Structure formats: structure tokens, C-alpha cells
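*Asks:* Mapping of the sequence shown onto my numbering: residues 10 to 625, in sequence order.
Positions of the beta carbon are idealized from the N, C-alpha and C atoms, including for glycine.
Just so it is clear, the structure is predicted and the values come from calculations on it, not from any experiment.
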Amino acid sequence: MAKISIDLNSGTVAKSEAVIGIDLGTTNSLIATINDADRLPYCITNDSDSIVPSALYFGKDAIHVGKKAIAQLVNEPENTIYSVKRLMGKSYTDLQDLNHNLNYQIIDNQDQLVKVKIANKQYSPIELSSYILKDLKIIAEQKLNNRVNKGVITVPAYFNDSQRQATRDAGKLAGMDVLRIINEPTAASLAYGIGLTGDEGKTVAVYDLGGGTFDISLLYIQNGIFEVLATNGDTYLGGDDFDKAIVDIWSKQYDLKNLTASNRQILRLTAEEAKKALSTTTSFQKVVSIQGTNFTLSIRLEQLNDAIKPLIDKTMQSCQNAIYDAELSVADVQEVILVGGSTRTPLVKSTVEKFFSSAKVNDDLNPDEVVAMGAAIEADILAGNRKDMLLLDVTPLSLGIETLGGLMDVLIPRNNKIPTKLRKEYTTSVDGQINLAINVYQGEREMVTDNRKLGEFILQGIPAMPAGLPKVEMTFMLNADGILQVTAEEKRSGIKQEVQMKPQYGISDEEIKNMLQESITNAQEDMDRRGLAEATTEADQLIYATEKFIRENGELLNQESETVIRQRMDKIKEAIGAKDKNLIVSMTDELNNYSRQFAEKVMDKQINKALKGKKI
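1. Kindly provide the ranges of any beta strand (DSSP E) runs that are 3 or more residues long and lie completely inside the stretch 280-319, ordered along the chain.
2. Between the Cα of ILE230 and the Cα atoms of ALA544, ALA214, GLY221, ASP224, which residue gives the shortest distance?
3. Once the 5 residues before and after GLU465 are set aside, which same chain residues still bring their CB inside 6 Å of it?
4. Specify the secondary structure class of ILE516 as computed by DSSP and reduced to three states.
5. Nearest to ILE191 by alpha carbon, out of LYS181, VAL237, LYS146?
6. Taking the beta strand (DSSP E) that ILE346 falls in, what are its first and last residues?
7. Alpha carbons only, please: which of THR54, GLY247, TYR450 is nearest the one belonging to PRO626?
8. State the CB to CB distance for the pair ALA368 and ILE29, rounded to an integer number of angstroms; the pair is presumed to be in contact (CB under 8 Å).
9. With 16 other CB atoms within 10 Å as the buried threshold, where does LEU49 fall?
10. In three-state DSSP terms, what is GLN606?
11. Rounded to the nearest angstrom, what separates ALA602 and ASP178 at their Cα positions?
12. On the DSSP bridge assignment, give the partners of GLN131 in chain order.
13. For MET486, which residues does DSSP report across the bridge?
14. Provide the residue(s) that pair with ASP217 in DSSP beta bridges, ordered along the chain.
15. Just verifying my parser: in three-state terms, what is the DSSP assignment at LYS143?
16. Report buried or exposed for ALA27, applying the criterion of at least 16 other Cβ atoms within 10 angstroms of its Cβ.
17. Rounded to whole angstroms, what's the CA-CA distance from MET417 to GLU534? Just pull it up for me.
18. Please name the residue in MET382, VAL348, ALA384 whose C-alpha comes closest to that of ASN371.
19. Taking the alpha helix (DSSP H) that TYR263 falls in, what are its first and last residues?
20. Looking only at its chain, what residues have a beta carbon closer than 7 Å to the beta carbon of THR291, apart from the 5 residues adjacent to it on each side?
21. With DSSP run on the structure shown, which of helix, strand or coil describes GLY325?
22. What does the Cβ neighbour count give for GLY247, buried or exposed, with the cut at 16 atoms within 10 Å?
23. Measure the Cβ-Cβ separation of ASP377 and LYS323 and say whether it is below 8 Å.
24. Per DSSP, what kind of secondary structure is SER407 in: helix, strand or coil?
25. Can you round the beta-carbon distance between TYR101 and VAL125 to whole angstroms, since I take them to be within the 8 Å contact cut?
26. Anyone know if the C-beta pair for THR212 and GLN131 falls short of 8 Å?
27. Should the stretch 156-163 be regarded as contacting the stretch 351-367, the criterion being three or more beta carbon pairs within less than 8 Å?
28. Just the Cα atoms here: how many angstroms apart are LEU142 and THR42?
29. Our contact map puts VAL296 next to LEU276 with C-beta atoms below 8 Å; I'd like the distance itself, whole angstroms only.
30. For the pair the stretch 254-268 and the stretch 169-188, tell me if three or more CB-CB distances fall below 8 Å.
31. Short of 8 Å in beta carbon distance, which residues of its chain neighbour ILE72, apart from the five on each side in sequence? Order them along the chain.
32. Below 8 Å on the Cβ atoms is my contact criterion, and I expect THR35 with SER63 to pass it. Report the Cβ-Cβ distance as a whole number of Å.
33. Measure the C-alpha to C-alpha separation of GLY180 and GLN174 and round it to an integer number of angstroms.
34. To the nearest angstrom, report how far apart VAL380 and GLU543 are at their CA atoms.
35. Are MET445 and VAL481 close, meaning C-beta to C-beta below 8 Å?
36. Quick check: the Cα distance between ALA392 and ALA78, rounded to an integer number of angstroms?
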């Protein structure tokens with residue numbers, strides 16, 4: 010039953026708060042909600058346009074968002090901020106390649122989240138994004154004539170933990186209760202509502218090429234259940250790069266160098282205009298004034314295609330990677346959904362159609378609006394208004410902890426369904442250990458040194474016990490937003506430590522691209538390194554246990570036996586020094602086999618002690 014509120018003074022039924030979906034895009038942002046009459050999503054328009062440019066202009070008296078900000082790009086480029094989304098969850102080092110293409114100043118914040126300097130003030134990307142979200146919230150409230158405090162915000166599927174958390178924080182700063190952070194391709198699939206009728210399941214590819222990011226998601230959709238099989242993409246590839254390719258053509262043609270920020274913006278805006286025009290025509294031409302000289306800027310569709318083909322090919326490689334991860338073939342994909350304004354580029358659509366040759370390529374809905382509409386549907390689900398849909402998402406990279414030997418022990422495998430909660434039990438390796446350092450990593454390599462460290466904490470106050478006796482249960486809980494909570498508990502004592510993993514900044518572009526590729530390229534080497542590390546760890550523990558045995562039970566050994574045992578321990582140490590896995594295993598087995606007789610004597614001794622004085 011739906012909840013209603015009654016104004017006790019007037020006796021009238023109060024209007025419930027509206028819940029919205031927000032597509033917080035790199036280039037443009039949109040708001041959507043559900044029509045009460047037909048329960049269908051629609052985008053909220055402002056000045057007859059649903060698109061709000063994701064730009065900010067810091068004027069003398071106020072901060073302007075959207076079209077008013079875009080209008081100042083040429084006049085005051087240093088005070089006009091765009092592509093904020095590309096800065097989310099990033100450090101200064103991460104943005105070295107992007108920095109020279111921006112007209113505003115990025116500040117190195119000592120490996121923390123990057124900041125943007127405007128006049129004499131510094132702003133984080135979270136703050137800047139919150140201004141955009143706050144403006145979207147105001148637009149929604151004005152158009153709906155209702156309060157808007159709750160919403161769902163979309164992010165690229167390949168956004169990491171830090172970037173997702175930064176987006177959520179931006180929403181909170183804007184005064185919103187962020188119900189969920191969901192992947193943009195997943196939201197698009199919700200907008201199309203594929204699979205809601207009939208029992209037959211369908212495998213769908215969502216190809217999302219926006220202004221600044223690219224994502225490919227493979228989903229299995231059946232009867233309202235949306236299961237993400239795999240995701241892939243590039244956080245630095247989108248329509249902005251198409252614009253840059255056009256600018257590079259003109260810059261080379263007219264030898265345009267050392268341009269002012271205003272002139273660079275003229276070129277960029279004209280390039281964007283050309284790109285849009287070439288979606289429906291075969292040529293573009295415009296006269297513009299740059300540094301006091303008139304230039305006729307022209308480009309043909311063939312030139313654009315040649316310039317952007319390497320970029321589109323990169324997206325197809327991501328598609329191939331996602332198909333591999335999902336253990337599918339291209340022929341298994343039955344439908345493709347095109348999302349993002351950049352998919353209007355003719356070469357994009359034709360390339361996608363060629364790659365997914367057996368699938369229907371679907372662009373029936375406005376590619377700019379589908380993500381926002383899907384977010385509105387998800388918001389409606391979370392508000393309790395829809396019971397006919399279930400959404401399952403996945404984590405793009407494996408999550409685990411460091412174990413003895415510097416090994417990566419995975420608790421949540423890559424492409425595992427989220428939200429999820431997984432547990433695993435560990436113990437100590439040293440007698441009397443009262444503190445346990447826990448290091449959390451993300452990645453696909455066998456050794457932690459090759460993966461990305463998310464954070465660390467110490468489980469303190471464990472009662473002193475012999476090695477192997479404590480039972481430390483690790484719990485990884487990955488919520489629906491893709492944010493990781495780690496809990497460690499020593500089960501015998503109840504000592505517990507809990508931490509939410511919030512990295513200082515996100516994975517760099519190159520790291521994202523390389524992580525999966527390196528895991529494949531170095532698979533054999535990694536397995537060899539892991540095998541050596543495991544053998545070495547086992548051997549070290551055996552030596553430790555054997556030396557402890559000699560100290561505590563020396564009376565059970567004669568001189569000859571102790572000499573043999575010590576000689577075999579020395580051989581193990583030599584094998585460890587030589588890093589010979591097979592020899593380590595062989596020498597470890599020899600010591601284990603020889604010492605077994607003495608372990609049996611210890612057991613007999615303990616049994617006799619326990620039974621002394623007792624009648625059977």
C-alpha cells in the first residue's frame with residue numbers, strides 16, 4: 010500500500026516527494042522522472058531542451074551552470090569549467106595526458122584528489138560536480154512543482170571505487186539522498202525494458218559512447234531480471250576525442266600553434282559543430298576568426314572517418330574483451346543498444362553493425378536520453394513503486410587480501426554479481442601474534458606487488474595463541490554502488506575491526522587498460538611465481554615448526570636423529586635460496602616424512618599423560 014501524508018492544518022493530502030534519475034555526463038547531463046499517468050520515464054526539459062551542458066562559469070557574483078556557462082567558454086575560458094567528470098577520483102599524476110587540453114588550471118594536491126584553481130580559490134571535482142547536481146535538482150523541482158531530495162545517479166561501468174564514492178559524495182553535497190549509483194549501460198537497458206514480456210531470455214550488448222567515456226556491457230535479460238555478464242571500456246575515450254581529432258586536422262592544415270585559451274575554445278566548439286553536422290551531411294565549412302585572422306575551416310566525412318577510426322577500433326577491442334570475459338561469442342549477442350550522443354557518428358554505427366553482424370542494432374530511443382530514463386526507472390524501483398524488475402550488476406576487477414609470500418588471495422572474483430557478501434577464514438603464522446596487518450588489493454595478478462592497493466588496517470588485540478590457532482574471519486561486502494566494506498573478526502575472542510575502502514584517488518587510465526591484459530600475458534609467469542611463493546611459505550613454516558619441536562621435545566630425539574633433521578632443514582634453506590620450487594617441495598617432503606615418526610611419539614606422550622590415573 011502506498012504511503013500518503015496529510016496536512017493536519019488544511020486537511021488536504023500532501024504531495025509526496027519526487028524521485029529522479031540523473032545522468033551526470035562528461036559533456037551533458039540530464040534529469041528524468043516517471044510520468045504518474047502512464048508510468049513511463051521521460052526527461053525533464055529546461056528551455057525546451059532536456060540537455061544541460063556539464064559546465065560551470067564562475068562569474069563575479071554567481072556560479073552559472075549549463076548553457077550560461079558554455080556561453081563564456083570563449084570570453085573567459087580560465088573561469089569556465091567543463092569535463093569535470095574526467096577529474097572525479099583522480100590524482101594530478103593520473104591527469105597528465107589530459108591537463109594540456111584543458112583551459113583551466115589543475116592543482117597538484119600531493120597525490121590526493123586533484124583540485125581546480127579558479128581565481129584565488131581551489132575546488133575539488135566533488136564540489137564542482139555538486140554545483141551541477143544542485144542546478145539539476147532546482148530545475149527538477151521547478152518543473153515538477155515538488156520537492157526533490159532523492160535520486161539515482163549513473164556512472165560509467167568502469168568507474169572504480171574512488172570515482173563512485175566521489176560521485177555519491179557530490180550528490181550528498183548537493184543536498185540529495187543518493188539512493189544508488191548504477192552503471193550507465195545498465196540504466197540504458199532498463200530504459201529499453203528488453204525482456205519484460207515473455208519467458209525467452211536475451212543477450213544484449215550496450216554500447217555506450219558519450220562525450221568523455223566509453224563502456225560496453227553484456228547483459229542477460231529475462232522477465233525483468235537484468236544480469237550483467239561482463240563490462241569493459243575506457244574512461245578516457247569519447248566524443249571529446251573526436252573533437253580533438255578534428256582540431257588536430259585544422260591545426261596541422263593552417264599551422265595553428267601557441268593559441269590563446271579563447272582561440273582554442275573557438276576551434277574546439279567549431280570542431281564539435283562540425284562533428285554534429287557530419288552525422289547528417291557529408292561536408293562542413295565555416296569561417297572563423299582566430300588571432301585576428303579569418304580561416305575557412307572545412308572537413309569532409311571521409312576525413313573525419315580516417316581521423317577517428319583508430320578510436321572506434323579501440324572501442325571494438327573493448328567489445329571483444331567483454332565477450333571473452335563473458336565466455337560468449339559475438340554470435341551469442343542478439344541485440345545491441347546504442348547509447349550516447351557520439352553513436353550518431355555514421356562510422357560508429359556502421360562499425361558496430363559490422364562487428365555484431367548477427368544482432369539487431371537498436372537506436373530507437375534518443376541516445377542522449379536513455380541513460381537518464383533508465384536511472385528514473387531504477388529510482389522508481391527503489392522508491393517501492395515497481396515490483397516487476399530486479400537488477401544484478403558485477404564488479405569489474407577482483408578484490409582480495411595479501412597472504413604469506415606476498416600472494417593475492419581473492420575473496421570476490423572479477424565479474425561477481427553485486428551487491429555481494431563473501432567470507433573466508435584465515436589464521437596466524439607466528440606464535441603469540443596479537444596484531445594482524447591486513448592489506449586489501451584490487452586486480453588480476455597472482456602477486457600483490459602487481460595489483461593495486463586499496464587500503465590497509467590492523468586487527469589489534471588478538472589474544473596470544475600458538476600459530477594456526479586463531480580463527481580470523483575476513484568479510485568483504487561490496488554494495489550496490491560498487492563500494493567495498495571489509496571486516497576482520499577473530500572468532501575465538503570476538504575482536505573485530507571494520508573499515509570502508511576509500512582510496513585517495515582512482516586507477517590511472519593506463520592501469521585500467523593494462524590490468525586485464527597483463528593478467529593474460531603473464532599468466533604462466535604469475536603461476537610459477539605463485540607456486541614458488543607457496544612452496545617457500547610452506548617450507549618456512551615447516552622449519553619454524555621443526556625448530557619449535559626440537560626445543561620442546563628434544564628428549565624424544567637422539568643425536569643422530571637431530572643431526573639428520575637439521576641437515577634436511579639446511580637443504581630446504583639452500584633450495585629456498587636457489588628459488589627452485591621443485592627442489593623445495595622435494596626437500597620439504599623428505600623432512601616431513603622423516604619427522605612423522607617423532608610427531609607420533611609426541612602424540613603418544615600426550616595421550617599417556619591425559620590417561621594417567623584413569624581406568625578404562
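*Replies:* Taking the coordinates as given:
1. 292-299, 302-309
2. ALA214
3. ASN448
4. Because the pLDDT at ILE516 is just 47, under 50, the model does not fix this residue reliably, and the value given afterwards should be weighed accordingly. Note: ILE516 maps to coil in three-state DSSP.
5. VAL237
6. 344-348
7. The question about residue 626 has no answer here: the residues shown for the chain are numbered 10 through 625.
8. Incorrect: roughly 32 Å between the Cβ atoms, too far for contact.
9. exposed
10. helix
11. Sequence inspection shows Asn at residue 602; the Ala mentioned does not correspond to that position. Those two C-alpha atoms are separated by around 59 Å.
12. LYS126
13. LYS430, GLN494
14. ASP224, VAL348
15. helix
16. buried
17. 15 Å
18. VAL348
19. 248-263
20. ARG309, LEU310
21. Correcting the residue type first, residue 325 is Met in the shown sequence and not Gly. Residue state, collapsed to three classes: helix.
22. buried
23. no
24. coil
25. Not quite, the Cβ-Cβ distance comes to about 11 Å (not below 8 Å), so this is no contact.
26. no
27. no
28. 15 Å
29. Not confirmed; about 13 Å, so no contact.
30. no
31. LEU65, TYR66, TYR140
32. 6 Å
33. 10 Å
34. 47 Å
35. The residue you asked about is not Met; residue 445 is Leu in the sequence shown. In this structure, VAL481 lies closer than 8 Å to LEU445 by Cβ.
36. 33 Å
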